[in-house]
Amino acid sequence: MGNVPSFDGAEEIGKTGWFFATGWFSNGLFILPMASRTLTGITPSGTLHVGNYFGAMRPAIAAQDSGECYYFIADYHSLTSVFDPEVRRANTLGIALDWLACGLDPAKSVFWRQSDVPEVCELTWLLGTLTPMGLLERAHSFKDKTAKGIAPNFGLFSYPVLMAADILLYDTTVVPVGKDQKQHLEMTRDIAIKFNQAYGETFVVPEPSISEDVAVIPGLDGQKMSKSYGNTLEIFGDEKKLRKKVMSIVMDSRTREEPKPDADQLPATQLLQFFTPTDVYEDIVGQLKAGGYGYGDLKKALFEHYWEFYREARARRTELAANLDHVESVLKDGALKAHTVARDVIDRARRNCGIA
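Using this note's numbering, the first residue of the sequence shown is number 3, and each one after it goes up by one.
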(Lines of atoms letter the chains of each structure in order from A; the text may use other names.)
(Lines give C-alpha, C1' and ligand atoms only; values in the text may rest on other atoms or scores of the structure.)
Protein backbone atom coordinates (compact mmCIF):
# COMPACT_ATOMS: atom_id res chain seq x y z
CA MET A 3 0.00 0.00 0.00
CA GLY A 4 3.00 2.28 -0.07
CA ASN A 5 5.21 4.17 2.33
CA VAL A 6 2.38 5.54 4.47
CA PRO A 7 3.04 7.09 7.89
CA SER A 8 0.58 6.75 10.74
CA PHE A 9 -2.03 9.45 11.23
CA ASP A 10 -5.48 10.15 12.61
CA GLY A 11 -6.74 12.82 10.23
CA ALA A 12 -7.02 15.36 13.04
CA GLU A 13 -8.63 18.26 11.19
CA GLU A 14 -11.08 16.22 9.16
CA ILE A 15 -11.93 13.70 11.82
CA GLY A 16 -15.08 15.54 12.82
CA LYS A 17 -16.27 15.28 9.22
CA THR A 18 -15.35 11.75 8.47
CA GLY A 19 -14.81 9.56 11.50
CA TRP A 20 -15.13 9.74 15.25
CA PHE A 21 -15.79 6.73 17.37
CA PHE A 22 -14.42 3.42 18.65
CA ALA A 23 -15.78 1.01 21.24
CA THR A 24 -14.28 -2.20 22.55
CA GLY A 25 -14.19 -4.80 25.32
CA TRP A 26 -15.41 -4.59 28.90
CA PHE A 27 -15.65 -1.18 30.47
CA SER A 28 -16.27 -0.04 34.01
CA ASN A 29 -16.70 3.59 35.08
CA GLY A 30 -16.84 2.63 38.74
CA LEU A 31 -20.41 1.40 39.11
CA PHE A 32 -21.64 0.39 35.68
CA ILE A 33 -20.10 -2.61 33.91
CA LEU A 34 -21.22 -3.38 30.39
CA PRO A 35 -20.03 -6.45 28.45
CA MET A 36 -19.84 -5.88 24.73
CA ALA A 37 -18.04 -7.16 21.67
CA SER A 38 -15.46 -4.94 20.00
CA ARG A 39 -17.40 -2.21 18.17
CA THR A 40 -16.23 0.65 15.99
CA LEU A 41 -18.71 3.50 15.53
CA THR A 42 -17.91 6.11 12.89
CA GLY A 43 -19.95 9.16 11.88
CA ILE A 44 -19.53 10.70 8.42
CA THR A 45 -21.01 14.14 7.78
CA PRO A 46 -22.25 14.63 4.17
CA SER A 47 -20.91 18.16 3.86
CA GLY A 48 -19.11 17.77 0.54
CA THR A 49 -16.89 15.65 -1.70
CA LEU A 50 -14.46 13.32 0.03
CA HIS A 51 -10.77 13.75 -0.71
CA VAL A 52 -7.49 11.91 -0.24
CA GLY A 53 -7.01 13.45 3.23
CA ASN A 54 -10.38 12.02 4.31
CA TYR A 55 -9.43 8.63 2.93
CA PHE A 56 -6.06 8.22 4.64
CA GLY A 57 -7.09 10.14 7.76
CA ALA A 58 -10.30 8.30 8.59
CA MET A 59 -11.79 6.06 5.90
CA ARG A 60 -9.01 3.53 5.46
CA PRO A 61 -8.34 2.91 9.19
CA ALA A 62 -12.06 2.73 9.93
CA ILE A 63 -12.72 0.28 7.11
CA ALA A 64 -9.69 -1.82 8.11
CA ALA A 65 -11.27 -2.22 11.55
CA GLN A 66 -13.97 -4.42 9.99
CA ASP A 67 -11.54 -7.32 10.12
CA SER A 68 -10.94 -7.01 13.85
CA GLY A 69 -14.35 -6.33 15.34
CA GLU A 70 -17.94 -5.20 14.99
CA CYS A 71 -18.25 -1.94 13.04
CA TYR A 72 -21.06 0.62 12.92
CA TYR A 73 -20.96 3.47 10.38
CA PHE A 74 -23.59 6.18 9.94
CA ILE A 75 -24.04 9.08 7.54
CA ALA A 76 -24.59 12.05 9.86
CA ASP A 77 -27.22 13.90 7.84
CA TYR A 78 -28.64 15.62 10.94
CA HIS A 79 -25.21 17.15 11.58
CA SER A 80 -25.04 18.46 8.01
CA LEU A 81 -28.06 20.68 8.69
CA THR A 82 -25.76 23.21 10.39
CA SER A 83 -23.67 23.75 7.25
CA VAL A 84 -25.65 22.62 4.18
CA PHE A 85 -28.90 24.46 3.49
CA ASP A 86 -29.90 23.11 0.08
CA PRO A 87 -31.94 19.89 0.45
CA GLU A 88 -30.94 18.61 -2.99
CA VAL A 89 -27.27 19.13 -2.18
CA ARG A 90 -27.76 17.22 1.09
CA ARG A 91 -29.44 14.32 -0.71
CA ALA A 92 -26.69 14.24 -3.33
CA ASN A 93 -23.95 14.42 -0.69
CA THR A 94 -25.58 11.64 1.35
CA LEU A 95 -25.79 9.37 -1.67
CA GLY A 96 -22.22 10.28 -2.62
CA ILE A 97 -20.95 9.38 0.86
CA ALA A 98 -22.73 6.02 0.68
CA LEU A 99 -21.24 5.25 -2.74
CA ASP A 100 -17.76 6.40 -1.70
CA TRP A 101 -17.57 4.33 1.48
CA LEU A 102 -19.01 1.21 -0.11
CA ALA A 103 -16.65 1.59 -3.07
CA CYS A 104 -13.63 2.03 -0.79
CA GLY A 105 -14.30 -1.21 1.07
CA LEU A 106 -17.09 -0.81 3.60
CA ASP A 107 -18.66 -4.28 3.60
CA PRO A 108 -22.32 -4.47 4.70
CA ALA A 109 -21.82 -8.20 5.35
CA LYS A 110 -19.25 -7.33 8.03
CA SER A 111 -20.62 -4.07 9.37
CA VAL A 112 -23.71 -1.90 9.88
CA PHE A 113 -24.20 1.16 7.65
CA TRP A 114 -27.13 3.57 7.85
CA ARG A 115 -28.37 7.16 7.65
CA GLN A 116 -28.44 8.91 11.00
CA SER A 117 -31.98 10.20 10.35
CA ASP A 118 -33.27 6.63 9.87
CA VAL A 119 -32.71 5.98 13.60
CA PRO A 120 -34.61 8.88 15.20
CA GLU A 121 -33.84 7.71 18.74
CA VAL A 122 -30.74 9.91 18.48
CA CYS A 123 -32.99 13.00 18.49
CA GLU A 124 -34.89 11.86 21.56
CA LEU A 125 -31.66 11.13 23.36
CA THR A 126 -30.33 14.56 22.35
CA TRP A 127 -33.30 16.14 24.13
CA LEU A 128 -32.90 13.98 27.25
CA LEU A 129 -29.21 14.88 27.45
CA GLY A 130 -29.85 18.52 26.59
CA THR A 131 -32.11 19.03 29.59
CA LEU A 132 -29.10 18.45 31.85
CA THR A 133 -26.37 20.07 29.72
CA PRO A 134 -25.19 23.37 31.27
CA MET A 135 -25.23 26.43 29.01
CA GLY A 136 -21.74 27.31 30.18
CA LEU A 137 -20.43 23.99 28.87
CA LEU A 138 -21.75 24.69 25.38
CA GLU A 139 -20.58 28.31 25.44
CA ARG A 140 -17.01 27.08 25.92
CA ALA A 141 -17.06 24.91 22.78
CA HIS A 142 -14.09 25.83 20.58
CA SER A 143 -15.81 24.78 17.34
CA PHE A 144 -18.77 27.10 17.94
CA LYS A 145 -16.44 30.02 18.65
CA ASP A 146 -14.26 29.26 15.63
CA LYS A 147 -17.16 28.93 13.21
CA THR A 148 -18.96 32.07 14.32
CA ALA A 149 -15.63 33.95 14.24
CA LYS A 150 -15.36 32.93 10.57
CA GLY A 151 -18.71 34.54 9.87
CA ILE A 152 -21.01 31.52 10.11
CA ALA A 153 -24.34 32.70 11.51
CA PRO A 154 -24.93 31.28 15.00
CA ASN A 155 -28.00 29.11 15.45
CA PHE A 156 -29.29 26.54 17.93
CA GLY A 157 -28.07 23.60 15.84
CA LEU A 158 -24.53 24.94 15.68
CA PHE A 159 -24.60 25.76 19.40
CA SER A 160 -26.02 22.39 20.47
CA TYR A 161 -23.88 20.31 18.08
CA PRO A 162 -21.90 18.75 21.00
CA VAL A 163 -25.13 17.39 22.54
CA LEU A 164 -26.12 15.64 19.31
CA MET A 165 -22.58 14.27 19.05
CA ALA A 166 -22.86 13.01 22.64
CA ALA A 167 -26.11 11.27 21.74
CA ASP A 168 -24.42 9.66 18.72
CA ILE A 169 -21.72 8.24 21.00
CA LEU A 170 -23.81 7.25 24.01
CA LEU A 171 -26.64 5.68 22.00
CA TYR A 172 -24.37 2.73 21.18
CA ASP A 173 -22.62 2.26 24.56
CA THR A 174 -19.33 3.42 23.06
CA THR A 175 -16.41 3.01 25.46
CA VAL A 176 -13.31 4.37 23.72
CA VAL A 177 -13.36 7.21 21.19
CA PRO A 178 -10.35 7.94 18.96
CA VAL A 179 -10.45 11.64 18.14
CA GLY A 180 -8.23 14.25 16.59
CA LYS A 181 -7.05 16.99 18.90
CA ASP A 182 -9.67 19.33 17.40
CA GLN A 183 -12.45 16.99 18.60
CA LYS A 184 -10.99 16.19 22.03
CA GLN A 185 -13.09 18.89 23.70
CA HIS A 186 -16.30 17.44 22.25
CA LEU A 187 -15.44 14.04 23.70
CA GLU A 188 -14.73 15.63 27.08
CA MET A 189 -18.14 17.30 26.86
CA THR A 190 -19.74 13.93 26.07
CA ARG A 191 -18.13 12.50 29.20
CA ASP A 192 -19.37 15.44 31.31
CA ILE A 193 -22.92 15.05 29.96
CA ALA A 194 -22.97 11.28 30.54
CA ILE A 195 -21.64 11.64 34.10
CA LYS A 196 -24.20 14.35 34.91
CA PHE A 197 -27.05 12.17 33.60
CA ASN A 198 -25.77 9.16 35.56
CA GLN A 199 -25.55 11.24 38.73
CA ALA A 200 -29.08 12.56 38.26
CA TYR A 201 -30.84 9.34 37.24
CA GLY A 202 -28.58 6.46 38.14
CA GLU A 203 -26.09 4.55 36.03
CA THR A 204 -27.44 4.80 32.49
CA PHE A 205 -24.57 5.46 30.09
CA VAL A 206 -21.08 4.13 29.71
CA VAL A 207 -18.67 7.05 30.10
CA PRO A 208 -16.39 6.90 27.04
CA GLU A 209 -12.63 7.31 27.18
CA PRO A 210 -10.66 9.27 24.56
CA SER A 211 -7.91 7.74 22.46
CA ILE A 212 -5.72 10.37 20.82
CA SER A 213 -2.76 9.41 18.67
CA GLU A 214 0.32 11.50 19.36
CA ASP A 215 1.97 10.24 16.16
CA VAL A 216 0.01 12.22 13.61
CA ALA A 217 1.25 12.79 10.07
CA VAL A 218 -0.22 15.68 8.09
CA ILE A 219 -1.89 14.60 4.86
CA PRO A 220 -0.38 17.18 2.49
CA GLY A 221 -2.49 19.16 0.08
CA LEU A 222 -1.56 20.24 -3.44
CA ASP A 223 0.11 23.37 -2.04
CA GLY A 224 2.08 21.63 0.71
CA GLN A 225 -0.24 22.76 3.50
CA LYS A 226 -2.48 20.30 5.29
CA MET A 227 -5.11 18.98 2.88
CA SER A 228 -8.39 20.71 3.68
CA LYS A 229 -11.42 21.97 1.79
CA SER A 230 -11.03 25.29 3.60
CA TYR A 231 -7.62 25.74 1.91
CA GLY A 232 -8.88 24.70 -1.54
CA ASN A 233 -5.94 22.31 -1.91
CA THR A 234 -7.68 18.93 -2.01
CA LEU A 235 -7.36 15.99 -4.37
CA GLU A 236 -10.66 14.13 -4.63
CA ILE A 237 -10.88 10.35 -4.31
CA PHE A 238 -13.29 10.09 -7.25
CA GLY A 239 -13.90 12.40 -10.17
CA ASP A 240 -13.27 13.14 -13.82
CA GLU A 241 -9.87 11.88 -14.98
CA LYS A 242 -9.09 14.87 -17.18
CA LYS A 243 -9.95 17.41 -14.47
CA LEU A 244 -7.99 15.55 -11.79
CA ARG A 245 -4.96 15.17 -14.06
CA LYS A 246 -5.04 18.91 -14.73
CA LYS A 247 -5.25 19.54 -10.99
CA VAL A 248 -2.15 17.46 -10.30
CA MET A 249 -0.19 18.88 -13.24
CA SER A 250 -1.01 22.41 -12.01
CA ILE A 251 0.82 21.93 -8.69
CA VAL A 252 3.09 24.97 -8.32
CA MET A 253 6.79 24.14 -8.07
CA ASP A 254 9.98 26.24 -7.99
CA SER A 255 12.00 27.31 -11.05
CA ARG A 256 14.73 24.65 -11.01
CA THR A 257 15.25 22.95 -14.34
CA ARG A 258 15.00 19.26 -15.11
CA GLU A 259 18.78 18.84 -15.01
CA GLU A 260 19.38 20.61 -11.69
CA PRO A 261 19.76 18.47 -8.52
CA LYS A 262 16.99 18.93 -5.98
CA PRO A 263 18.44 18.00 -2.57
CA ASP A 264 15.17 18.83 -0.83
CA ALA A 265 13.18 16.48 -3.08
CA ASP A 266 11.46 14.69 -0.22
CA GLN A 267 10.05 18.02 1.03
CA LEU A 268 8.27 18.97 -2.20
CA PRO A 269 4.44 18.98 -2.11
CA ALA A 270 4.23 16.47 -4.96
CA THR A 271 6.67 13.98 -3.38
CA GLN A 272 4.98 14.32 0.02
CA LEU A 273 1.76 13.19 -1.67
CA LEU A 274 3.48 10.56 -3.81
CA GLN A 275 4.56 8.53 -0.77
CA PHE A 276 0.92 7.66 -0.02
CA PHE A 277 0.37 5.99 -3.39
CA THR A 278 3.63 4.16 -4.15
CA PRO A 279 5.63 1.26 -2.71
CA THR A 280 8.63 2.42 -0.72
CA ASP A 281 11.17 1.36 -3.35
CA VAL A 282 9.37 3.28 -6.12
CA TYR A 283 9.08 6.39 -3.95
CA GLU A 284 12.76 6.27 -2.98
CA ASP A 285 13.82 5.77 -6.61
CA ILE A 286 11.92 8.86 -7.76
CA VAL A 287 13.24 10.96 -4.88
CA GLY A 288 16.76 9.74 -5.64
CA GLN A 289 16.47 10.77 -9.28
CA LEU A 290 15.22 14.21 -8.25
CA LYS A 291 18.13 14.67 -5.86
CA ALA A 292 20.65 13.56 -8.49
CA GLY A 293 19.24 15.75 -11.25
CA GLY A 294 17.94 14.81 -14.67
CA TYR A 295 14.39 14.23 -13.40
CA GLY A 296 12.01 17.16 -13.82
CA TYR A 297 8.92 18.41 -12.06
CA GLY A 298 6.79 17.42 -15.05
CA ASP A 299 8.08 13.85 -14.65
CA LEU A 300 7.28 13.96 -10.94
CA LYS A 301 3.72 15.23 -11.37
CA LYS A 302 3.05 12.74 -14.15
CA ALA A 303 4.26 9.91 -11.87
CA LEU A 304 2.13 11.25 -9.01
CA PHE A 305 -1.03 11.28 -11.10
CA GLU A 306 -0.44 7.83 -12.56
CA HIS A 307 0.19 6.22 -9.17
CA TYR A 308 -2.75 8.07 -7.55
CA TRP A 309 -5.08 7.09 -10.41
CA GLU A 310 -4.01 3.44 -10.24
CA PHE A 311 -4.35 3.38 -6.44
CA TYR A 312 -8.12 3.96 -6.68
CA ARG A 313 -8.71 1.95 -9.88
CA GLU A 314 -10.63 -0.92 -8.22
CA ALA A 315 -12.59 1.50 -6.02
CA ARG A 316 -13.64 3.51 -9.10
CA ALA A 317 -14.89 0.35 -10.79
CA ARG A 318 -16.91 -0.62 -7.70
CA ARG A 319 -18.37 2.87 -7.44
CA THR A 320 -19.50 2.76 -11.08
CA GLU A 321 -21.26 -0.56 -10.44
CA LEU A 322 -22.92 0.78 -7.29
CA ALA A 323 -24.09 3.96 -9.03
CA ALA A 324 -25.82 1.76 -11.60
CA ASN A 325 -27.67 -0.12 -8.84
CA LEU A 326 -28.96 2.51 -6.41
CA ASP A 327 -31.74 0.20 -5.20
CA HIS A 328 -29.02 -2.01 -3.71
CA VAL A 329 -27.39 0.98 -2.00
CA GLU A 330 -30.73 2.03 -0.52
CA SER A 331 -31.32 -1.54 0.65
CA VAL A 332 -27.95 -1.57 2.41
CA LEU A 333 -28.80 1.66 4.26
CA LYS A 334 -32.29 0.46 5.24
CA ASP A 335 -31.00 -2.92 6.46
CA GLY A 336 -28.30 -1.14 8.44
CA ALA A 337 -30.88 1.17 10.02
CA LEU A 338 -32.91 -1.82 11.22
CA LYS A 339 -29.83 -3.34 12.88
CA ALA A 340 -28.77 -0.04 14.40
CA HIS A 341 -32.29 0.58 15.66
CA THR A 342 -32.19 -2.63 17.69
CA VAL A 343 -29.19 -1.40 19.67
CA ALA A 344 -30.45 2.17 19.94
CA ARG A 345 -33.83 1.02 21.22
CA ASP A 346 -32.26 -0.80 24.16
CA VAL A 347 -30.25 2.26 25.17
CA ILE A 348 -33.09 4.77 24.79
CA ASP A 349 -35.43 2.47 26.76
CA ARG A 350 -32.85 2.37 29.55
CA ALA A 351 -32.56 6.16 29.52
CA ARG A 352 -36.33 6.70 29.45
CA ARG A 353 -36.89 4.24 32.28
CA ASN A 354 -34.18 5.74 34.48
CA CYS A 355 -35.35 9.34 34.07
CA GLY A 356 -39.04 8.47 34.60
CA ILE A 357 -40.37 8.89 31.06
CA ALA A 358 -41.35 5.22 30.86
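Just so you know, even glycine gets a beta-carbon here, dropped at the ideal spot from N, CA and C. All values reported here derive from a predicted model rather than from experimental measurement.
Residues that residue i bridges to, as DSSP identifies them
i: Ser-111; result: Cys-71
i: Thr-42; result: Tyr-73
Same chain, Cβ closer than 6 Å to residue i, five either side skipped, listed in chain order
i: Cys-355; result: Tyr-201
i: Gly-296; result: Arg-258
i: Val-163; result: Thr-126, Leu-129, Gly-130, Thr-133
i: Val-347; result: Leu-171
i: Ile-33; result: Because Ile-33 carries a pLDDT of 42, less than 50, the predicted location of this residue cannot be relied on, and no value is offered for it.
i: Glu-121; result: Ala-344, Ile-348
i: Arg-318; result: Ala-103
8 Å CB neighbourhood of residue i in its chain, flanking five on each side removed
i: Thr-82; result: Asn-155, Gly-157, Leu-158, Tyr-161
i: Lys-226; result: Glu-13, Gly-53, Val-218, Ile-219, Pro-220
i: Val-329; result: Leu-95, Ala-98, Leu-99, Leu-102, Leu-322
Start and end residues, alpha helix (DSSP H) containing residue i
i: Arg-258; result: That residue, Arg-258, is in no alpha helix (DSSP H); it is neither H nor E in DSSP.
i: Thr-190; result: 184-201
i: Thr-126; result: 121-130
i: Lys-150; result: Element bounds for Lys-150: n/a, residue is neither H nor E.
i: Asn-354; result: 326-355
i: Ala-315; result: 313-323
i: Leu-249; result: Residue identity differs from the one stated: residue 249 is Met in this sequence, not Leu. 241-249 is the extent of the alpha helix (DSSP H) around Met-249.
i: Ile-63; result: 60-64
Nearest candidate by alpha-carbon position, reference residue i, set the options
i: Ser-117; options: Ile-97, His-79, Ala-109, Glu-88; result: His-79
i: Val-112; options: Phe-85, Ala-194, Tyr-312, Glu-70; result: Glu-70
i: Leu-304; options: Ser-331, Gln-272, Gly-294; result: Gln-272
i: Ala-167; options: Met-189, Ile-152, Lys-184; result: Met-189
i: Lys-150; options: Ile-237, Thr-174, Ser-230, Ala-315; result: Ser-230
i: Gly-239; options: Tyr-308, Asp-192, Gln-199; result: Tyr-308
i: Arg-316; options: Thr-40, Gly-105, Met-59, Ala-58; result: Gly-105
i: Ala-92; options: Arg-352, Leu-326, Pro-61, Ala-351; result: Leu-326
i: Val-252; options: Leu-300, Arg-39, Ala-109; result: Leu-300
i: Phe-144; options: Ala-109, Val-119, Gln-183, Pro-108; result: Gln-183
First through last residue of the beta strand (DSSP E) which encompasses residue i
i: Leu-222; result: Run containing Leu-222: none; DSSP gives neither H nor E here.
Cβ shell of residue i (< 7 Å), same chain only, five flanking positions each side left out
i: Met-90; result: Reading off the sequence shown, one finds Arg at residue 90, where the question assumed Met. Here the set comprises Pro-46, Asp-77, Ser-80, Val-84.
i: Met-165; result: His-186, Thr-190
Please specify which runs of the alpha helix (DSSP H), each continuous and at least 4 residues long, are wholly inside the region 264-318, giving them in chain order.
269-274, 280-292, 297-311
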